[in-house]
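Just so we're on the same page, the numbering used here is the position in the sequence shown counted from 1, plus 1044.
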Amino acid sequence: MGRKVWLFVSLLWLPLGASAATIALTPVADADVFYSSFSGGSTSNTGTHGSFRVGGGGYNSTRSLAYLKYDLSSVSDPISTAMLSLTVAANYDGITKLSVRGLNEGDPGEAWGETSIVWGNAPGTNYNNTTLLEEKFGVNSYDVGGVLTFQSSQIVDFLKEDANNTVTFILSSYWNLNAYYTSFYAKENGDPNLAPTLTITTVPLPPAAILFVSAMGVMVLIGQGKRRNQRGFLT
1045 MGRKVWLFVS LLWLPLGASA ATIALTPVAD ADVFYSSFSG GSTSNTGTHG SFRVGGGGYN
1105 STRSLAYLKY DLSSVSDPIS TAMLSLTVAA NYDGITKLSV RGLNEGDPGE AWGETSIVWG
1165 NAPGTNYNNT TLLEEKFGVN SYDVGGVLTF QSSQIVDFLK EDANNTVTFI LSSYWNLNAY
1225 YTSFYAKENG DPNLAPTLTI TTVPLPPAAI LFVSAMGVMV LIGQGKRRNQ RGFLT
């Protein structure tokens, strides 16, 4: 079930004064990995760099994927909205399209390490066991400092499926005749305002007393329906 809950139960509480909460998360790990058909997968780790890049193409069929890992242990209430924000660090000959994928829940690759991930051990490099969450075109039109946002319902569903407080986003682009890359600021860039941010809005759960009263109300309605059936009325 992961983080899935009955949304109607939460809505019962909202009219009583509860308000939504917003949580802004910085990744616990971010890095990119690189592959070239000429030299194979790079063994260099980029986890401590101030930026990561996405792109590829050219006669060497290069590919550069970025990985973002978030810890959701501070998110306890049901998730209603989510937005992933990326700030452009360099965009000369930038990519035209950016795809955001989620590494499926339960994949052993969720344990990847920021200072050890390279192409050879990175999960989902062939997009196996991943889910496409959102795509954005025109990335090459963003200036340095521009912010790309992703906030599809698929991202919310992906987060709700989490069962171990860890989620990984994989950023990629499609192959081009020429090699194009766009870089984004990593959490190590020195300015926390530029770090890739996952902003989550949650709906508070009602207290136990409200849940009890609501459950009793449902039971009463069911009882009334049964009595009506016994009397020959349709429910």
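Beta carbons: idealized from backbone N, C-alpha and C, even for Gly.
Q | Minimum C-alpha distance to glycine 1094 - residue among Glu1232, Ile1139, Ala1155, Leu1238 | A | Glu1232
Q. Lysine 1180 to alanine 1133, Cα distance in whole Å?
A. 17 Å
Q: Following the continuous beta strand (DSSP E) through isoleucine 1199, name the residue where it begins and the one where it ends.
A: Careful: isoleucine 1199 lies outside any beta strand (DSSP E), inside the alpha helix (DSSP H) at 1197-1204.
Q) Cβ atoms of valine 1119 and isoleucine 1067: under 8 Å apart, would you say? A) yes
Q. Distance, Cα to Cα, valine 1098 vs alanine 1065?
A. 32 Å
Q | Exposure label - valine 1183; buried when at least 16 CB within 10 Å | A | buried
Q. Apart from the five residues on each side of it in sequence, which residues of its chain come closer than 7 Å, Cβ to Cβ, to glycine 1153?
A. Leu1147, Pro1167, Gly1168
Q: Starting from glutamate 1149, follow the beta strand (DSSP E) in both directions and report where the run begins and ends.
A: Neither: glutamate 1149 is in no beta strand (DSSP E) and is coded neither H nor E.
Q) Between leucine 1069 and leucine 1203, what straight-line distance do the alpha-carbon atoms span, to the nearest angstrom? A) 13 Å
Q | Where the beta strand (DSSP E) through glycine 1101 begins and ends | A | 1095-1101
Q.
Alpha carbons only, please: which of Thr1246, Phe1082, Ser1088 is nearest the one belonging to asparagine 1165?
A. Ser1088
**Q.** Euclidean distance between Cα positions of asparagine 1209 and aspartate 1115
**A.** 6 Å
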